[in-house]
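Colleague:
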Amino acid sequence: MFPMTYRAPDKDIAFALDIAGIERVLRLDKFASVDRDTVDAVIDGAGRFAEGVLAPLNRSGDVEGARFEKGRVFAARGFADAYKQYAQGGWNSLTAEEAFGGQGLPRAVGLAAFECMTGANMSFGLCPLLTEAAIHCLETYGDSRQKSVFLPKLVSGEWTGTMNLTESQAGSDLSLVRTRAEPSGSGYKLFGQKIFITWGDHDCADNIVHLVLARLPDAPAGVKGISLFLAPKNLVDANGKIGAANALKPVSIEHKLGIHASPTCVMAYEGADAEIVGQPGNGLAQMFTMMNAARLGVGMEGVAIAEAAYQQALAFSRERRQGRSPWSSDPTARIFDQPDVRRMLMLMKAKTDAARMICLSTAVAADLASNDDDARLREELLVPIAKAWSTDVGVEVVSLGVQVHGGMGFIEETGAAQHYRDARIAPIYEGTNGIQAIDLVGRKLAMADGAPMTTLVHDIRQTAETLVESPDPRLHTIGMRLQAAGDALRSAAEWLSARRSDVDGLAGATPFLKLMGDVTGGWLLGKGALSCVGRSAADPYARARIGIAGHYAETLL
195 MFPMTYRAPD KDIAFALDIA GIERVLRLDK FASVDRDTVD AVIDGAGRFA
245 EGVLAPLNRS GDVEGARFEK GRVFAARGFA DAYKQYAQGG WNSLTAEEAF
295 GGQGLPRAVG LAAFECMTGA NMSFGLCPLL TEAAIHCLET YGDSRQKSVF
345 LPKLVSGEWT GTMNLTESQA GSDLSLVRTR AEPSGSGYKL FGQKIFITWG
395 DHDCADNIVH LVLARLPDAP AGVKGISLFL APKNLVDANG KIGAANALKP
445 VSIEHKLGIH ASPTCVMAYE GADAEIVGQP GNGLAQMFTM MNAARLGVGM
495 EGVAIAEAAY QQALAFSRER RQGRSPWSSD PTARIFDQPD VRRMLMLMKA
545 KTDAARMICL STAVAADLAS NDDDARLREE LLVPIAKAWS TDVGVEVVSL
595 GVQVHGGMGF IEETGAAQHY RDARIAPIYE GTNGIQAIDL VGRKLAMADG
645 APMTTLVHDI RQTAETLVES PDPRLHTIGM RLQAAGDALR SAAEWLSARR
695 SDVDGLAGAT PFLKLMGDVT GGWLLGKGAL SCVGRSAADP YARARIGIAG
745 HYAETLL
């Protein structure tokens, strides 16, 4: 059999950061202490940790899974120790505010490091993903006491965080939430049950901070009646010292298609002590701050699992011998030398790289957003693309990975099937991809009178024109394909903008999101190809970048 392997794609990540515009971020005053050497060191360190600590646990974690025993949840063997190493290494604190023990690095750098962790072990990566989202929420909405008591522990990784939204009758429609919060002294008591709570309970950290959507007794029906509450697994005093267990518990863990080592809990709140976060009735908006942070991370999960599947398929194709090849005289050639296998591998590589560039470009826009309204609007426009298109790419690429393996891909021992099973959740959670598409068409196209979409199309056309004008025929062809694709995107956006709230808009939303992802990915790969022209003759990596952009343009644009 062919064992699962993972190597952090440091060079591809660094290249994608360049194309995304990381240098603009590093010029901001708030990142004055961060230079490119620091960025490269973080990516290198994340890669080594992922390869050495997390990747060896991926297969065993999938086979063993998390365990629910006598009302407690236990992570798969090795995960608790790996998590301690993760926290002690400072990986949980990369992008958090320095005032609470964070390192204050750009979000794009944190997302790049997250790719390495998740590519090595998606089940593990979900725990810090939710903690980071909880940190972001409390940094934005927490009061001074909540920040001083909870943020340092979350940032250090001593405690982990969760999101508690879903209930059995309230999946994506959170207006149906029934969990209630009853006033009690200076705080509240929570009553209700939540399902699908990722890492809702485990034995890896000292405490778990649950952020829970619930209704106050006098709250109106619908989303305006939802508030956000903080309920720790174990009660804490004003100094952050852990006390007695809170009145909340896991009832069970789900038996899932994939991500077996990530415990997905049913949580029961039985009069749990809680405190409100922010203002009553504003819970959904506050939770969306948390969810948007997680959505970009989920998009990068799609990239990470695609990269892992590509690496494994490539390694397998170079070892497996079968049939003849037009490129080899060997009667049993490597399947890597079969043209159709080479086509699949190229498509896997091109789509993965395009998705990485989309996610990192969104993160760069988020880093720039505090100083730049155009960047804020670009971030908002791209978040549904980053989440939905990239996770769809993840599923497509891992499916191709199984296909490259042939019959071996359908056998669990090769690991190709695990990638397929793990990837399938990403288009579903943090808002299904259909919801992302409806958000794109229903809200994002109309933002600022359509200016963000108009600006994106303009940027795509500018790159296309530069490519077309290039004397290099490879770039000229990419530019021609990008021009036509950009025109299709513009006309589709105009047509849907006029119909965004009717049946045509709703039915066309997902195909439009796919179109927008295809074209945006081709644009960013085209920018990458332009950056490589001057050194492509002497630099094999630069030649490869142009080849990848060309393949994408010919097969997708």
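Okay, so the sequence shown: first residue is 195 according to the numbering used here, each after it adds one. Beta carbons: idealized from backbone N, C-alpha and C, even for Gly.
1) Is it buried or exposed, L451, if we count other Cβ atoms within 10 angstroms and call 16 or more buried?
2) With C-beta atoms as the reference, is T704 less than 8 angstroms away from G601?
3) Residues bridged to A364 by DSSP?
4) Going by DSSP in three states, Q473 sits in which element: helix, strand or coil?
5) Spatial neighbours of V387 within its chain, please: CB distance less than 8 angstroms, with the 5 preceding and 5 following residues excluded, ordered by chain position.
6) For H330, count the other beta carbons within 10 Å of its own beta carbon; 16 or more makes it buried, fewer makes it exposed. Which is it?
7) Please tell me whether N440 and D467 are closer than 8 angstroms, where the distance is taken between their beta carbons.
8) Among the residues of its own chain, which have a CB less than 6 angstroms from the CB of L575, if the five just before and after it don't count?
9) Where does I447 fall in DSSP's three states?
10) If you follow the alpha helix (DSSP H) that T392 is in, where does it begin and where does it stop?
11) So, for W393: in the same chain, excluding its five sequence neighbours on each side, which residues have a beta-carbon less than 7 angstroms away from its beta-carbon?
12) Could you tell me which residues DSSP puts in a beta bridge with V406?
13) Would you kindly report the start and end of the unbroken beta strand (DSSP E) that includes L429?
14) Roughly how many angstroms lie between the CA atoms of E573 and P520, to the nearest whole one?
15) In the structure shown, what three-state DSSP assignment does G336 receive?
16) What first and last residue would you give for the alpha helix (DSSP H) that runs through A692?
17) Determine the direct distance from the alpha carbon of A736 to that of S730, and round the result to whole angstroms.
18) Keeping to the same chain, check which residues put their C-beta closer than 7 angstroms to that of T714; ignore five residues upstream and five downstream.
19) Per DSSP, which one or two residues make a beta bridge with Y463?
20) Whose CA, out of A307, G265, R655 and D431, lies closest to the CA of L683?
21) Could you give the DSSP three-state label for A415: helix, strand or coil?
22) What did DSSP end up calling R668 once you bin it into helix, strand or coil?
23) If we count the other Cβ atoms within 10 Å of its Cβ and call it buried at 16 or more, is E606 buried or exposed?
24) DSSP puts T458 in a beta bridge; with which residues?
25) Just to confirm the assignment, what range does the alpha helix (DSSP H) spanning R514 have?
26) The beta strand (DSSP E) spanning S227 covers which residue range?
27) If you run the structure through DSSP and keep just helix, strand and coil, what is N286?
Modeller: With the structure as the only source:
1) By the neighbour-count rule (16 or more Cβ atoms within 10 Å), L451 is not buried but exposed.
2) With respect to the 8 angstroms criterion, T704 and G601 are not classified as neighbours on the basis of their beta carbons.
3) For A364, which the question treats as bridged, DSSP gives the partners E361.
4) For Q473, the three-state secondary structure derived from DSSP is coil.
5) A small correction: the amino acid at residue 387 is Gln; Val does not occupy that position in the sequence shown. Sequence-distant Cβ neighbours of Q387 in its own chain, meaning closer than 8 angstroms and more than five residues away, are E361, S362, T373, V445, V460, M461, A462 and Y463.
6) So H330 counts as buried.
7) A contact, by the Cβ cut-off of 8 angstroms.
8) Answer for L575: K638 and P646, listed in chain order.
9) In this structure, I447 counts as strand in the three-state DSSP scheme.
10) Per DSSP, T392 lies in no alpha helix (DSSP H); the unbroken beta strand (DSSP E) holding it starts and ends at G381 to T392.
11) For W393, where only same-chain residues beyond five positions count, the Cβ hits under 7 angstroms are L320, C321, L324, T354, T356, S456 and P457.
12) BP columns for V406 point to N358 and F423.
13) L429 -> beta strand (DSSP E) spans N428 to V430.
14) Distance between the alpha carbons of E573 and P520: 46 angstroms.
15) Reduced to three states, the DSSP call for G336 is coil.
16) From DSSP, A692 is part of no alpha helix (DSSP H); its letter is neither H nor E.
17) About 5 angstroms.
18) Excluding five sequence positions before and after T714, the CB atoms of its chain that fall closer than 7 angstroms to its own CB belong to I552 and I579, given in chain order.
19) Among the bridge pairs identified by DSSP, Y463 is matched with G386 and L442.
20) Of A307, G265, R655 and D431, the smallest CA-CA separation from L683 is found for R655.
21) It is coil, neither helix nor strand.
22) In the three-state reduction of the DSSP assignment, R668 falls in the helix class, which pools H, G and I.
23) Around the beta carbon of E606, a 10 Å sphere encloses fewer than 16 other beta carbons of the protein chains shown; the residue is thus reported as exposed.
24) The partner list for T458 (beta bridge, DSSP) reads T392.
25) Where R514 is concerned, there is no enclosing alpha helix (DSSP H), given that its DSSP letter is neither H nor E.
26) S227 -> no beta strand (DSSP E), and no H or E assigned at all.
27) Helix, per DSSP.
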